[in-house]
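The listed protein sequences correspond, in order, to chains V and Z. Counting from 1 along the first sequence, just add 1 to a position and that's the residue number in our numbering. Counting from 1 along the second sequence, just add 1 to a position and that's the residue number in our numbering. Notes follow once the structure below has been shown.
Protein chains: 2
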Amino acid sequence: MFSGAQISLYPMTGDFVGVITSALSALDPYRERLRIETDDVSTLLVGPPEVLFPAMRDLFSAAAGTGVHCVLSATISRGCPGEPDDAICQSGQFEGPLAALSERQASALDAVRTAPDMGVSSVAQFSLYVMGQGDHMAEIYGCIDFLKQSGTFEKSKHFATKLSGDTGALFATLEQGFCRFGPPEGHVTIDLTVSANSPSAR
Amino acid sequence: MFSGAQISLYPMTGDFVGVITSALSALDPYRERLRIETDDVSTLLVGPPEVLFPAMRDLFSAAAGTGVHCVLSATISRGCPGEPDDAICQSGQFEGPLAALSERQASALDAVRTAPDMGVSSVAQFSLYVMGQGDHMAEIYGCIDFLKQSGTFEKSKHFATKLSGDTGALFATLEQGFCRFGPPEGHVTIDLTVSANSPSAR
Numbered sequence: 002m003f004s005g006a007q008i009s010l011y012p013m014t015g016d017f018v019g020v021i022t023s024a025l026s027a028l029d030p031y032r033e034r035l036r037i038e039t040d041d042v043s044t045l046l047v048g049p050p051e052v053l054f055p056a057m058r059d060l061f062s063a064a065a066g067t068g069v070h071c072v073l074s075a076t077i078s079r080g081c082p083g084e085p086d087d088a089i090c091q092s093g094q095f096e097g098p099l100a101a102l103s104e105r106q107a108s109a110l111d112a113v114r115t116a117p118d119m120g121v122s123s124v125a126q127f128s129l130y131v132m133g134q135g136d137h138m139a140e141i142y143g144c145i146d147f148l149k150q151s152g153t154f155e156k157s158k159h160f161a162t163k164l165s166g167d168t169g170a171l172f173a174t175l176e177q178g179f180c181r182f183g184p185p186e187g188h189v190t191i192d193l194t195v196s197a198n199s200p201s202a203r
Numbered sequence: 002m003f004s005g006a007q008i009s010l011y012p013m014t015g016d017f018v019g020v021i022t023s024a025l026s027a028l029d030p031y032r033e034r035l036r037i038e039t040d041d042v043s044t045l046l047v048g049p050p051e052v053l054f055p056a057m058r059d060l061f062s063a064a065a066g067t068g069v070h071c072v073l074s075a076t077i078s079r080g081c082p083g084e085p086d087d088a089i090c091q092s093g094q095f096e097g098p099l100a101a102l103s104e105r106q107a108s109a110l111d112a113v114r115t116a117p118d119m120g121v122s123s124v125a126q127f128s129l130y131v132m133g134q135g136d137h138m139a140e141i142y143g144c145i146d147f148l149k150q151s152g153t154f155e156k157s158k159h160f161a162t163k164l165s166g167d168t169g170a171l172f173a174t175l176e177q178g179f180c181r182f183g184p185p186e187g188h189v190t191i192d193l194t195v196s197a198n199s200p201s202a203r
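What follows is the structure in structure tokens.
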């Protein structure tokens, strides 16, 4: 199953190029397990979710750790029927039958509880889309139930859910939402915004 | 049908607050036809697509017209079954039976051809999601056919399509993609990034 993300990092400073360039070294531990391509709008990361989410977490944490107001925006996708398969995306976690929703929610909560502490606070706003089946809202409501128990839930907004907390717990929550809800071989996407150091933050 | 967007504007400058504040006056002509709510991550615009897209276009064009590298990121949605209806969203364009795909493509092309020239060049990258039906990819491929003839198409990317041109034509293309594909009462969303003045642009 093809999976990956188009990501962009926006440091709100005249030295945005410098902040981006210095944060990029945070991707080094992941480079062998990702295919990476950059243009003027975004950087493509192709790889399995268990590599994608930690890579995005470390990149964003490095940029946000400078203290500059930074935003990471990402379009994350798995199982798009229009995308060719790629060996680098291989992951064991989507095999076998779909477990009951309550069981998946419990596993997701465990993963968030054991997430590393990155020492960087931020907020995340995201929309989860489950496509190509009639009852897509059931899986989305199941995911929202998990989010409300995750410890990172801040509030529901129109079209999106807002989380807040340490980037370790945040990206673990996002990874669990992405992997455990919707059919294992289905087409699932996340539209994500992560923000740190905003002067508007309350 | 409920419709709207969560939008964020990212000027890559230390004076990002100033650029955002001065661009906000571009929304003034639309304020009576939109419900607007802001927090530290995004601004919610609730209203029909024929108001939403011109409002986003004028806001982004005002910010990008400063010459600063600016990005507008938006999560745009219509017909989400989890959202209550709102009188401000009323629009005549989703009534009646769904026309043939070729007819919708022709109307969409006409709308892009007659779009105003804003005098601001930019690029747009977006993903269109059509949910809750088995053949969602047919509508997406129909939209891609339209995009390739629109004059704004630049390239297909993994998970997204990239457009380039004047912001007038770009936002007209986006509005047509959003309104004319997928069932009239269906749940359709766009994950959008618009960028101008990037030093990486070719």
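Positions of the beta carbon are idealized from the N, C-alpha and C atoms, including for glycine. Quantities reported herein were computed from a predicted structural model and do not represent experimental measurements.
Check: Measure the beta-carbon distance from proline 85 of chain V to phenylalanine 3 of chain V and round it to whole angstroms, keeping in mind my assumption that it falls under 8 Å.; Outcome: 7 Å
Check: Return helix, strand or coil for valine 72 of chain V, following the three-state DSSP convention.; Outcome: strand
Check: Against chain Z, which members of the stretch 145–172 of chain V pass a CB distance test of less than 8 Å?; Outcome: Lys158, His159, Phe160, Ala161, Lys163
Check: Is there a Cβ of chain V sitting closer than 8 Å to that of alanine 202 of chain Z, yes or no?; Outcome: yes
Check: Going by C-alpha distance, which of Z:Pro98, Z:Cys81, Z:Val72 is nearest phenylalanine 17 of chain V?; Outcome: Z:Val72
Check: For phenylalanine 127 of chain V, list the residues DSSP reports as bridge partners.; Outcome: V:Thr162, V:Leu193
Check: Cβ atoms of glutamine 106 of chain V and alanine 161 of chain V: under 8 Å apart, would you say?; Outcome: no
Check: Find the nearest neighbour of aspartate 146 of chain V within the set V:Ala27, V:Thr76, V:Gly166, V:Leu102, judged by alpha-carbon distance.; Outcome: V:Leu102
Check: Spell out the partners DSSP gives proline 55 of chain V in its beta bridges.; Outcome: According to DSSP, which records beta bridges pairwise, proline 55 of chain V is partnered with nothing at all.
Check: Using 8 Å for Cβ pairs, my map puts valine 131 of chain Z next to glycine 187 of chain Z. What's the rounded Cβ distance?; Outcome: 6 Å
Check: From which residue to which residue does the alpha helix (DSSP H) around glycine 19 of chain V run?; Outcome: 17–24
Check: Under 8 Å between C-beta atoms, does proline 12 of chain Z make it to chain B?; Outcome: The chain labelled as chain B is not found among the protein chains of the depicted structure, namely V and Z.
Check: Assuming leucine 46 of chain V and glycine 5 of chain V form a contact by the criterion Cβ under 8 Å, report the distance between their Cβ atoms to the nearest whole angstrom.; Outcome: 5 Å
Check: Considering glutamate 38 of chain V, what are the terminal residues of the beta strand (DSSP E) in which it resides?; Outcome: 36–39
Check: Take serine 23 of chain Z as the anchor and find which of Z:Gly48, Z:Pro49, Z:Ser62 has the nearest alpha-carbon.; Outcome: Z:Ser62
Check: Per DSSP, which one or two residues make a beta bridge with aspartate 167 of chain Z?; Outcome: Z:Ser122
Check: Under DSSP, the alpha helix (DSSP H) around valine 113 of chain V begins and ends at which residues?; Outcome: 102–114
Check: So lysine 149 of chain Z and lysine 156 of chain Z are in contact, right, with Cβ under 8 Å, and what is the actual spacing, rounded?; Outcome: Not really, about 10 Å apart at Cβ, beyond 8 Å.
Check: Under a three-way DSSP split, which group does leucine 205 of chain V fall into?; Outcome: Because chain V here runs from 2 to 203, residue 205 of chain V falls outside it and cannot be looked at.
Check: Cysteine 81 of chain V versus chain Z: which residues are under 8 Å apart at the beta carbon?; Outcome: Phe160
Check: Within 10 angstroms of its Cβ, does tyrosine 11 of chain Z collect 16 or more other Cβ (buried), or is it exposed?; Outcome: buried
Check: When you compare only the Cα positions, how much space is there between arginine 58 of chain V and leucine 28 of chain V?; Outcome: 10 Å
Check: Could you pull out every residue in the same chain whose Cβ sits closer than 7 Å to the Cβ of valine 52 of chain V, ignoring the five residues on either side in sequence?; Outcome: Tyr31, Arg34, Leu35
Check: From this set, Z:Arg114, Z:Arg79, Z:Glu38, Z:Ala75, which residue's C-alpha is nearest cysteine 180 of chain Z's C-alpha?; Outcome: Z:Arg79
Check: Leaving out five residues before and five after glutamine 7 of chain Z in sequence, what residues of the same chain have Cβ atoms less than 6 Å from its Cβ?; Outcome: Ser43, Leu45, Thr76
Check: Does glycine 169 of chain V pass the burial test, meaning 16 or more other C-beta atoms within 10 Å, or should it be called exposed?; Outcome: buried
Check: Let me see if you follow: with CB-CB separation under 8 Å, is tyrosine 130 of chain V close to chain Z or not?; Outcome: yes
Check: Under a CB-based cut-off of 8 Å, is aspartate 192 of chain V close to chain Z?; Outcome: yes
Check: Would serine 9 of chain Z pass as a contact of threonine 194 of chain V if the rule is Cβ separation under 8 Å?; Outcome: yes
Check: Here's the rule I'm using: 16 or more other beta-carbon atoms within 10 Å means buried, otherwise exposed. How should threonine 190 of chain V be labelled?; Outcome: buried
Check: Please classify threonine 39 of chain Z as buried or exposed, where buried requires at least 16 neighbouring CB atoms within 10 angstroms.; Outcome: exposed
Check: Please return the same chain residues whose Cβ sits closer than 6 Å to the Cβ of serine 199 of chain Z, not counting the five positions on each side in sequence.; Outcome: His70
Check: Which residue comes first and which comes last in the beta strand (DSSP E) that contains threonine 67 of chain V?; Outcome: It is not in any beta strand (DSSP E) - threonine 67 of chain V carries neither H nor E in the DSSP assignment.
Check: Below 8 Å on the Cβ atoms is my guess for glutamate 176 of chain V versus phenylalanine 54 of chain V; work out the distance and round it to an integer in Å.; Outcome: 4 Å
Check: Can you tell me whether methionine 2 of chain Z is helix, strand or coil according to DSSP?; Outcome: coil
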